[in-house]
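Asks: For the sequence shown, UniProt numbering begins at 1 and goes up steadily by one.
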Amino acid sequence: MANIAPTTLPASIPSPDEGVWHIGPFPLRAYALAIIAGIVVAIWLGSRRWQARGGSAGTVSDIAIWAVPFGIVGARIYHVITDNQLYFGEGRDPWRALQIWEGGIGIWGAIAGGALGVWIACRRRGIPMPAMADALAPGILLAQAIGRWGNWFNQELFGRPTDLPWGLEIDPGNRPAAYANAETFHPTFLYESLWAVAVALFLLWADRRFQLGHGRVLALYVAGYTLGRGFFEYLRVDPANEIFGLRVNMWVSGLLFIAAIVYFVLSARLRPGREAPETVAGTPAGAEAEEEAQEKVVAGTASETADTGAAGDASGETAGDLDSEPGSVAGDDGGAGGDGEDAGGSGDTGGEPERT
1 MANIAPTTLP ASIPSPDEGV WHIGPFPLRA YALAIIAGIV VAIWLGSRRW QARGGSAGTV
61 SDIAIWAVPF GIVGARIYHV ITDNQLYFGE GRDPWRALQI WEGGIGIWGA IAGGALGVWI
121 ACRRRGIPMP AMADALAPGI LLAQAIGRWG NWFNQELFGR PTDLPWGLEI DPGNRPAAYA
181 NAETFHPTFL YESLWAVAVA LFLLWADRRF QLGHGRVLAL YVAGYTLGRG FFEYLRVDPA
241 NEIFGLRVNM WVSGLLFIAA IVYFVLSARL RPGREAPETV AGTPAGAEAE EEAQEKVVAG
301 TASETADTGA AGDASGETAG DLDSEPGSVA GDDGGAGGDG EDAGGSGDTG GEPERT
């Protein structure tokens, strides 16, 4: 009987040799592809969930037109603020803060900027923002899970050195100076990716089981994600600003976790259940422009009617003046005739010339 060689598990996770490919003069970055793939998945799942809650098809795509650009700008601003030492100070080039294609975004800035974009779009469409946020939350988590694989291609944002079988191999040029001799590190990108998928699945289950609404799915998303993010931040070794010995992102995660729990509890007490389907329909796409056009038509018609009425009044007044003038002339003539008659009465030939 032939001997079967035992299966050997890999002792580590290799990193890609490169994260940028060139098509002619144009660079194609794996990180950008991961972000785009995540956005596509988030829109797809968000659309399905929004329609299941009573919303109309195409609404999430319209919302994304606002949310995605605002999210990208917010992500970059957050990164520049929290890691300002990379762009400002002696020997630094502030213009690099605008070069987002070189990498450097912050998830909390992306969420804040994206939320602002969603708020603007929802107001324009007459849609309750909490309902839209609940529909989008699981998809956003999946987008984050996919986007984290861009860090794998870039060999960045990894954790401390480790000898675990799933340790991540990092090239010497990408290792921190303090760990130049370490070969494998905690794959925090993988930890966060798996955690985001797990939280997304939990949200889908909880939403179906308890009919969550009024922003409570979003609150669970924030609470669940920050719970894991705090641990991942603890493992990371990339340079970051600290407050009282803790990374800024750990403080942000802790504060958002508390805020999310408080909101969830208060919302459940004050507004139990889920929004009625008829309240989330909103205004169809393009309806705002149609309404504005109709308002202009109505305003123009009213203006024309007012002008016509004014012209009619003016014509009436003119006609009245013209009607009264002959009467006045006739009255004058009548008076003259009377005088003639009187004159004729005083003489035999006085009245004849007046009648002629």
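For glycine and all other residues, C-beta sits at the position ideal for the given N, C-alpha and C.
With a threshold of 6 Å on Cβ separation, who are the neighbours of Thr226 within its own chain once the five nearest residues in sequence on each side are excluded?
Replies: Excluding sequence neighbours, Thr226 sits near Ser253, Leu256, Phe257.
Asks: I'd like the list of long-range same chain contacts for Ser47, defined as Cβ closer than 6 Å, with 5 residues on each side in sequence excluded.
Replies: Result list for Ser47: Val60, in chain order.
Asks: Check Arg247 in the structure and name its three-state DSSP category.
Replies: If DSSP states are grouped into helix, strand and coil, Arg247 belongs with the strands.
Asks: Given Glu233, which residues of its chain have a CB within under 6 Å of its CB, disregarding the five upstream and five downstream residues?
Replies: Result list for Glu233: Arg247, Asn249, Met250, in chain order.
Asks: Short of 8 Å in beta carbon distance, which residues of its chain neighbour Asp171, apart from the five on each side in sequence? Order them along the chain.
Replies: Here the set comprises Ser15, Gln155.
Asks: Let me make sure I understand the geometry here. Which of Ala32, Asn174, Ala178 has the alpha-carbon closest to that of Ile100?
Replies: Nearest C-alpha to Ile100: Ala32.
Asks: For Gly19, which residues of its own chain have a beta-carbon under 7 Å away from its beta-carbon, when the five flanking residues on both sides are left out?
Replies: For Gly19, where only same-chain residues beyond five positions count, the Cβ hits under 7 Å are Arg29, Ala30, Tyr31, Phe153, Asn154.
Asks: Helix or strand or just coil, what does DSSP make of His22?
Replies: Of the three classes helix, strand and coil, the one that applies to His22 here is strand, per DSSP.
Asks: Closest to Ala112 by C-alpha separation, out of Leu203, Ile72, Ile36, would be which residue?
Replies: Of the listed residues, the one whose Cα sits closest to Ala112 is Ile72.
Asks: Using 8 Å as the threshold, is the C-beta distance between Ala223 and Phe264 below it?
Replies: Contact flag set, yes.
Asks: Buried or exposed for Leu142, going by 16 or more other Cβ atoms inside 10 Å?
Replies: Buried, because 16 or more other Cβ atoms sit within 10 Å of the Cβ of Leu142.
Asks: Going along the chain, which residues of its own chain have a beta-carbon closer than 6 Å to the beta-carbon of Ala145, five neighbours each way excluded?
Replies: Only Ser193, Ala196, Val197 meet the Cβ criterion.
Asks: Buried or exposed, going by whether 16 or more other CB atoms sit within 10 Å of the CB of Glu325?
Replies: Because Glu325 sits at a pLDDT of 44, beneath the cut-off of 50, its placement in the model cannot be relied upon, and the following sentence gives the value as read from the coordinates. Glu325 comes out exposed.
Asks: Any chance you could list the beta strand (DSSP E) runs of at least 3 consecutive residues sitting entirely within the segment 5 to 82, in chain order?
Replies: For the segment 5 to 82, whole beta strand (DSSP E) runs of length 3 or above, ordered along the chain, are 20 to 23, 26 to 29.
Asks: Of all the options Pro239, Ala135, Gly273, which has the alpha carbon lying nearest to the alpha carbon of Gln85?
Replies: Looking at the Cα atoms, Pro239 is the closest of the given residues.
Asks: Consult DSSP for Leu168 and reduce its assignment to one of helix, strand or coil.
Replies: Correct three-state label for Leu168: strand.
Asks: Which residues bound the alpha helix (DSSP H) around Phe130?
Replies: One point to set straight first is that residue 130 is Pro, not Phe, in the sequence displayed. Start and end: 129 to 147.
Asks: Decide if Phe70 is buried, meaning its Cβ has at least 16 other Cβ atoms within 10 Å, or exposed.
Replies: Buried.
Asks: Using CA coordinates, which residue listed in Trp149, Val118, Gly150 is at the minimum distance from Ala135?
Replies: For the residues Trp149, Val118, Gly150, the minimum Cα distance to Ala135 belongs to Val118.
Asks: From the DSSP output, which residues share a beta bridge with Glu242?
Replies: Paired residues: Arg247.
Asks: Measure the CB-CB distance between Leu168 and Ser267 and report whether it falls below 8 Å.
Replies: No, these two residues do not count as a Cβ contact at 8 Å.
Asks: Are the beta-carbon atoms belonging to Ala42 and Gly139 less than 8 Å from one another?
Replies: Cβ atoms of Ala42 and Gly139: closer than 8 Å.
Asks: Kindly list the residues whose CB is nearer than 8 Å to the CB of Val213, restricted to its own chain and excluding five residues on each side of it in sequence; keep chain order.
Replies: Sequence check: residue 213 is Gly here, not Val. Closer than 8 Å at Cβ, skipping near neighbours: Pro130, Ala131, Asp134, Arg271, Gly273, Arg274, Glu275.
Asks: Give the C-beta separation of Ile107 and Ala75 to the nearest angstrom, bearing in mind that I take them to be a contact with Cβ-Cβ under 8 Å.
Replies: 7 Å between Cβ atoms; contact.
Asks: Helix or strand or just coil, what does DSSP make of Arg236?
Replies: Looking at Arg236 - three-state DSSP - the assignment turns out to be strand.
Asks: From the DSSP output, which residues share a beta bridge with Gly159?
Replies: Arg236, per the DSSP bridge assignment.
Asks: Taking C-alpha atoms, which residue in Trp149, Gly230, Pro128 lies nearest to Gly38?
Replies: Closest by alpha carbon: Trp149.
Asks: Candidates Pro187, Ile81, Glu183: which alpha carbon is nearest Phe166's?
Replies: A quick correction: the sequence has Trp, not Phe, at residue 166. Closest by alpha carbon: Pro187.
Asks: Using the Cα positions of Gly282 and Phe189, report the straight-line distance between them to the nearest angstrom.
Replies: Roughly 38 Å separates the two Cα atoms.
Asks: Taking buried to mean at least 16 other C-beta atoms within 10 Å of its own C-beta, is Asp207 buried or exposed?
Replies: Per the 10 Å Cβ criterion, buried.
Asks: Could you compute how far the alpha carbon of Asp17 sits from the alpha carbon of Ala110?
Replies: Their Cα atoms are separated by approximately 28 Å.
Asks: Thinking Val237 and Pro176 are a contact (beta carbons under 8 Å), I'd like their distance in whole angstroms, please.
Replies: Rounded, the Cβ-Cβ distance is 5 Å, consistent with contact.
Asks: Could you check which residue in Asp83, Gly58, Ala180 has the C-alpha nearest to that of Gly103?
Replies: The residue with the shortest Cα to Cα distance from Gly103 is Asp83.
Asks: Can you say whether Ala178 is buried or exposed, counting buried as having 16 or more other CB atoms within 10 angstroms of its CB?
Replies: Counting Cβ neighbours within 10 Å, Ala178 comes out exposed, since fewer than 16 surround it.
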